[in-house]
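Enquirer: So the sequence shown is residues 219 to 807, counted in our numbering. Below you'll find the structure I mean.
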Amino acid sequence: MTHEHLHGHEHPHTHDHDHDHAHDHGHSHHHDAAPLDEESRAVLDLSVPDSDLPPAALARRGFLRRAGLLGVGIAGASVLPGLGAEVAADQRRTARRAPRHGYAWLAGDHHIHTQYSPDAQYRVADQVGHADAYGLDWMVITDHGSVAHAKIGVEKVNPDIRAAREAHDDILVFQGLEWNIPSAEHGTVFVHPGSHEVAVLKEFENSFDGTVNGTVSQSDAHELEALKGLDFLAASVTSGRVSDAAFFANHPARKGLDTPHELRNWRERQPHIALGMEGAPGHQAAAIPSDAHAGNGRGYYDNTPSADSWPGYPAESYKTFGGFDWMTSTVGGLWDSLLAEGRPWWVTANSDSHTVYLDDSVRPPGEDTSAYFSANGQYGDPVHSSVPNTSNGDFWPGYYSRTHVGAERVSYAAVMQGLRAGRVWVDHGSLLESVDVRVRKAGSRDPGYPLGMALPIRKGQRLELVVTVTTASRPNWAQFVPKLAKIDLVRGAVTGPSSDRDSFRAPDTSVVHTWDTTGKTGTLRFVHQLGRAVDPFYVRLRGSDGKQLAPGVYGKATDPAGPAIDVVGNDDPWDDLWFYTNPIWVIPS
219 MTHEHLHGHE HPHTHDHDHD HAHDHGHSHH HDAAPLDEES RAVLDLSVPD SDLPPAALAR
279 RGFLRRAGLL GVGIAGASVL PGLGAEVAAD QRRTARRAPR HGYAWLAGDH HIHTQYSPDA
339 QYRVADQVGH ADAYGLDWMV ITDHGSVAHA KIGVEKVNPD IRAAREAHDD ILVFQGLEWN
399 IPSAEHGTVF VHPGSHEVAV LKEFENSFDG TVNGTVSQSD AHELEALKGL DFLAASVTSG
459 RVSDAAFFAN HPARKGLDTP HELRNWRERQ PHIALGMEGA PGHQAAAIPS DAHAGNGRGY
519 YDNTPSADSW PGYPAESYKT FGGFDWMTST VGGLWDSLLA EGRPWWVTAN SDSHTVYLDD
579 SVRPPGEDTS AYFSANGQYG DPVHSSVPNT SNGDFWPGYY SRTHVGAERV SYAAVMQGLR
639 AGRVWVDHGS LLESVDVRVR KAGSRDPGYP LGMALPIRKG QRLELVVTVT TASRPNWAQF
699 VPKLAKIDLV RGAVTGPSSD RDSFRAPDTS VVHTWDTTGK TGTLRFVHQL GRAVDPFYVR
759 LRGSDGKQLA PGVYGKATDP AGPAIDVVGN DDPWDDLWFY TNPIWVIPS
């Protein structure tokens, strides 16, 4: 399946002129991050009052506070434990074991639809069975919020989910829903399984879904309703009704509805609930042309602004780049503007599976009408037709898009904690088997700090970045072995909160180094010197098969060879593969 295993193949060592080094290793162990020292933990833990800190620690906290990096920023969210700790009796665990050292890297998908959605058709058993077969370790069933779903479907789907949990003991199946966010677009909401999972989701949907309550259109009042919905989820956790809950914004730039200030507001209001956004949308087969179908945009990103679209977004934001959302794919763009403010806002990649490309199943006659769905909260079980459908825009969960979460064990709670911590990287088409990214003291033998971490270090300390990548060694589901051509290192200055809450620029972020991995296979290890840490910064990675490249939105100086904008109606997703990691911050004081 998709746990991280590192098996190297021999190739010549390579040495870059800037003293980066790439090595292959026949085996590797991923260790836990070196723990923060007690003083650093105390500096970040706002439950420790200022009066209890020694003078040096108080000075470091003061620096972080003045920089706007405490509380809702990285210092308050990515290092300290969040809500929803591991419960004594997790509802079920997979048969696979987590590694003895380090993290189990579990592949998953938090955006999947079934016959309980008005625009989908598959049974829960179909989606879970395919996700299991295609290598996923966790998944979330997210049927659309609607009047019928809120009234009937949210309860009717639960026995199917529980049956799938029993039938597939090696995949974790969460129940959630796709929230019609008031004054915005869509988002995944899901909870830790438990005796109240249905009750909490049902109450949430009836109280805060924009379609159910007529609050989808843009307005300040509707924006407030979205924040109240996040408050409800947080209260459901703190009251013990559910052990944990989470929210991700789905396809955030597709229609221009999710404004920059709303993203900031969601994160600030409930930083333990509002965790991030789809860096790459689903519907990745939508741009494949055929004789019977002209093709759409990848992810169905082929829209133009509407009356509710935020007018500040440029025309290119309505398209994908290398299959990724403009907010994520633009170096120095919206995602980077949040990271530069010290806001943990993680990116994911998902299938958004409704109807699968080349599948021949259809809804059954007589049980396929909107009237039937409204009355029953679902369509009938799908049946085979005689013709594979080339106009379907989706892949099965796990077939193309994967979100890899570094979990401390294989359990529902550990997956949610890994997502919250930002130990997440994403890929398309099984471009990689694994990637591990760490920041550590230069020359140290410590394992270093992993994705999602914020390092509160003393100013002037020399640091290095350690990247360990295992290239693909087996054919993907399109039956070829992907070849990694390059890895980009993106670095940005951390400046604290912007005075403009609708800012979507991070001018001090750029690609600062590229490793050419053409022809290299096995386990590759790169050590890159980050220099002395004087001012706060963050680093993140992305990589590509190198087939469709172009200068970035903000020019070659910022991004010399980024993902090209995708062609509506004629774009083969298998011929343009990327991976992205979430960031690591360095906060010297």
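Cβ coordinates follow ideal geometry from the N, Cα and C atoms, glycine included.
Touching or not, the segment 612-627 and the segment 358-366, by the rule of three or more beta carbon pairs under 8 Å?
Expert: No, they do not touch.
Enquirer: Of the choices W803, S524, L795, V785, whose alpha-carbon is the least far from that of G513?
Expert: Here the closest residue by C-alpha is V785.
Enquirer: Going by DSSP, what residue range makes up the beta strand (DSSP E) through T732?
Expert: That run of the beta strand (DSSP E) goes 727-734.
Enquirer: Looking at C-alpha atoms only, which residue of V372, A325, S335 is the closest neighbour of A351?
Expert: When only C-alpha atoms are compared, the closest one is A325.
Enquirer: Using 10 angstroms around the beta-carbon of F426, count the other beta-carbons present and answer buried if the total reaches 16, otherwise exposed.
Expert: By the 10 Å Cβ count, F426 comes out buried.
Enquirer: When burial is assigned at 16 or more other CB atoms within 10 Å of the CB, is D387 buried or exposed?
Expert: With fewer than 16 other Cβ atoms within 10 Å, it is exposed.
Enquirer: Within this structure, are the beta carbons of G428 and V407 separated by less than 8 Å?
Expert: For G428 and V407, no; Cβs fall outside 8 Å.
Enquirer: Taking all protein chains shown into account, decide if H239 is buried (16 or more other Cβ within 10 angstroms of its Cβ) or exposed.
Expert: Because H239 carries a pLDDT of 44, less than 50, the predicted location of this residue cannot be relied on, and the following value inherits that uncertainty. Exposed, by the Cβ-count rule.
Enquirer: Out of S335, T546, A724, Q345, which has the shortest C-alpha to C-alpha gap to E559?
Expert: Considering only alpha carbons, the answer is A724.
Enquirer: Do H348 and A498 have their C-beta atoms within less than 8 Å of each other?
Expert: Result no, Cβ atoms of H348 and A498 do not sit closer than 8 Å.
Enquirer: Determine the direct distance from the alpha carbon of Y531 to that of G474, and round the result to whole angstroms.
Expert: Each residue's alpha carbon lies about 7 Å from the other.
Enquirer: Who does M495 pair with in a DSSP beta bridge?
Expert: Paired residue(s): A467, V565.
Enquirer: Would you kindly report the start and end of the unbroken alpha helix (DSSP H) that includes M545?
Expert: Here the alpha helix (DSSP H) through M545 covers 544-547.
Enquirer: Using 8 Å as the threshold, is the C-beta distance between N468 and G551 below it?
Expert: No; because the gap between Cβ atoms is not below 8 Å, this pair is not in contact.
Enquirer: Going by the DSSP bridge assignment, what does P674 pair with across the sheet?
Expert: In the DSSP output, where bridge partners are listed per residue, P674 has I805.
Enquirer: Under the rule that 16 or more other beta-carbon atoms within 10 Å means buried, what is T736, buried or exposed?
Expert: Exposed, since its Cβ has fewer than 16 Cβ neighbours within 10 Å.
Enquirer: Counting along the chain, where does the alpha helix (DSSP H) carrying K446 start and finish?
Expert: Per DSSP, K446 belongs to the alpha helix (DSSP H) from 438-456.
Enquirer: In terms of DSSP beta bridges, what is N819 paired with?
Expert: Look at the range of the chain in this structure, 219 to 807, and you will see that residue 819 is not part of it.
Enquirer: Three-state secondary structure (DSSP) at S571?
Expert: Three-state result, S571: strand.
Enquirer: What residue range does the alpha helix (DSSP H) around W484 cover?
Expert: Counting along the chain, the alpha helix (DSSP H) containing W484 begins and ends at 478-487.
Enquirer: So, at 8 Å on beta carbons, what are the nonlocal neighbours of V708 in its own chain, with the 5 sequence-adjacent residues on each side left out?
Expert: For V708, where only same-chain residues beyond five positions count, the Cβ hits under 8 Å are V549, D554, T727, S728, V729, V730, V757, R758, L759, R760.
Enquirer: For Q309 and A525, what's the separation of their Cα atoms in angstroms?
Expert: Low per-residue confidence applies at Q309: pLDDT is 41, beneath 50, and the placement is therefore not dependable, though the value from the model is reported in the following sentence. Distance between the alpha carbons of Q309 and A525: 45 Å.
Enquirer: Between which two residues does the alpha helix (DSSP H) carrying L637 extend?
Expert: Where L637 is concerned, the enclosing alpha helix (DSSP H) stretches over 630-639.
Enquirer: Let's see if you can read the secondary structure: which residues bound the beta strand (DSSP E) around L681?
Expert: Looking at the DSSP string, the run of the beta strand (DSSP E) that includes L681 is 680-689.
Enquirer: Please state whether DSSP places V305 in a helix, a strand or coil.
Expert: Per-residue confidence for V305 stands at a pLDDT of 45, beneath the threshold of 50, marking its modelled position as unreliable; the derived number appears in the next sentence. Three-state DSSP puts V305 in coil, outside helix and strand.
Enquirer: Run through the DSSP bridge pairs and tell me what D645 is partnered with.
Expert: According to DSSP, D645 bridges with R620, F797.
Enquirer: Is the distance from the Cβ of S807 to the Cβ of P674 below 8 Å?
Expert: Closer than 8 Å, so yes.
Enquirer: Does the pairing of the segment 326-340 with the segment 594-602 give three or more beta-carbon distances under 8 Å?
Expert: Judged by Cβ distances under 8 Å, the segment 326-340 makes contact with the segment 594-602, as three or more pairs qualify.
Enquirer: Helix, strand or coil: which one does DSSP assign to T538?
Expert: Looking at T538 - three-state DSSP - the assignment turns out to be strand.
Enquirer: Classify L354 as helix, strand or coil using the three-state DSSP reduction.
Expert: Of the three classes helix, strand and coil, the one that applies to L354 here is coil, per DSSP.
Enquirer: Which first and last residues belong to the alpha helix (DSSP H) in which F613 is found?
Expert: Looking at the DSSP string, F613 is not in any alpha helix (DSSP H), and its letter there is neither H nor E.
Enquirer: Could you tell me whether the segment 429-437 touches the segment 501-509, where touching means 3 or more Cβ pairs closer than 8 Å?
Expert: Cβ pair count under 8 Å is below three, so no.
Enquirer: Measure from the alpha carbon of L683 to the alpha carbon of each residue in P665, A696, T689, then state which is nearest.
Expert: The shortest Cα separation from L683 among P665, A696, T689 belongs to P665.
Enquirer: What's the gap between the Cα of H410 and the Cα of L742?
Expert: Between H410 and L742, the C-alpha separation is close to 36 Å.
Enquirer: Excluding the 5 residues preceding and the 5 following V605 in the sequence, name in chain order all residues of the same chain whose CB lies nearer than 7 Å to its CB.
Expert: Here the set comprises D578.
Enquirer: When the Cα atoms are used, what is the spatial distance from G363 to W484?
Expert: So the alpha carbons of these two residues sit roughly 19 Å apart.
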